[in-house]
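Right, one structure below, let's go through it.
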Amino acid sequence: MRDRLRRFFIRANNARVRRWGVRARPEEVLLLLPHCLHRDSCPQAVRRNLDECRRCGACPIAELLRLRDEYAVVSCMVGGGRQAIAQARHKGIRAVVAVACEQELVAGILAAFPKPVYAVINTRPEGSCRNTLANPAEVARALNVFLEGGAQRGNG
15 MRDRLRRFFI RANNARVRRW GVRARPEEVL LLLPHCLHRD SCPQAVRRNL
65 DECRRCGACP IAELLRLRDE YAVVSCMVGG GRQAIAQARH KGIRAVVAVA
115 CEQELVAGIL AAFPKPVYAV INTRPEGSCR NTLANPAEVA RALNVFLEGG
165 AQRGNG
């Protein structure tokens with residue numbers, strides 16, 4: 015029941031964010047990714063710096079990095095809510111696209127308010143906080159909510 019309420023809140027938040035019509039330059043949009051997207055079995059440690067990823071394709075990070083580069087947005091990987099809020103509160107960030115579980119997304123949306131956070135719920139085929147997945151198409155749609163011109167992409 016809690017997750018249903020959280021999903022309802024996230025859908026309502028995302029609709030509100032779309033209605034606000036906030037537009038930002040790519041360098042003002044933060045793509046927040048949880049560390050649980052990184053595969054446990056990966057020999058490459060990717061905990062804080064996404065550029066440590068070798069882009070092997072075993073986890074969703076490689077595709078999300080491709081989106082980051084294509085859209086030229088700011089991105090970081092965080093280990094929890096406190097780190098996420100600290101990144102979202104940076105002065106130069108005007109809008110946030112956050113990937114996480116329902117519980118973390120609701121907490122982050124509330125903590126970052128009034129800064130707009132568009133939430134993308136990850137999937138958890140192996141349970142919470144372990145080898146989670148994110149749909150790159152959903153992340154791309156979320157980035158387009160904020161980028162000036164709607165579907166504008168970066169030069170990278």
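Numbering (this note's numbering), first residue to last: 15 to 170.
Note that the Cβ used here is the ideal one computed from N, Cα and C, for glycine as well.
Assigned exposure category for residue i - 16 Cβ within 10 Å defines buried
i, result
"Ala29", "exposed"
"Thr146", "buried"
"Gly106", "exposed"
"Ala156", "buried"
"Gly122", "buried"
Alpha-carbon to alpha-carbon, residue j and residue i
i, j, result
"Glu162", "Arg108", "12 Å"
"Ile24", "Ala59", "31 Å"
"Arg18", "Gly141", "17 Å"
"Lys129", "Leu46", "14 Å"
"Ala72", "Val120", "28 Å"
"Gln117", "Arg21", "9 Å"
"Asn63", "Leu81", "16 Å"
"Ala151", "Arg144", "21 Å"
Per DSSP, cross-strand counterpart(s) of residue i
i, result
"Val43", "Ala109"
"Cys90", "Leu46"
"Leu64", "None, per the DSSP bridge assignment."
"Ala38", "Leu161"
Neighbourhood of residue i by C-beta distance below 8 Å, restricted to the same chain and skipping five residues each side
i, result
"Gly168", "Only weak support is given to the placement of Gly168: the predicted model assigns it a pLDDT of 43, under 50, and the value that follows is read from those uncertain coordinates. So the list reads Pro40, Asp83, Glu84, Tyr85, Ala86 and Val87, once near-sequence residues are dropped."
Same chain, Cβ closer than 7 Å to residue i, neighbours up to 5 away in sequence not counted
i, result
"Ala148", "Leu51, Pro74, Leu78, Val113, Val134 and Asn136"
"Arg32", "Val159"
Cβ-based neighbour list, residue i, same chain, cut-off 6 Å, excluding 5 preceding and 5 following
i, result
"Cys90", "Gln101"
"Gly93", "His49"
Residue i, enclosing alpha helix (DSSP H) - first and last residue
i, result
"Ala133", "Taken as a continuous stretch (DSSP letters only), Ala133 belongs to no alpha helix (DSSP H), being part of the beta strand (DSSP E) at Val131 to Ile135."
"Gln58", "Per DSSP, Gln58 belongs to no alpha helix (DSSP H) and is neither H nor E."
"Asn27", "Arg16 to Trp34"
"Gly71", "Counting along the chain, Gly71 falls outside any alpha helix (DSSP H), and DSSP gives it neither H nor E."
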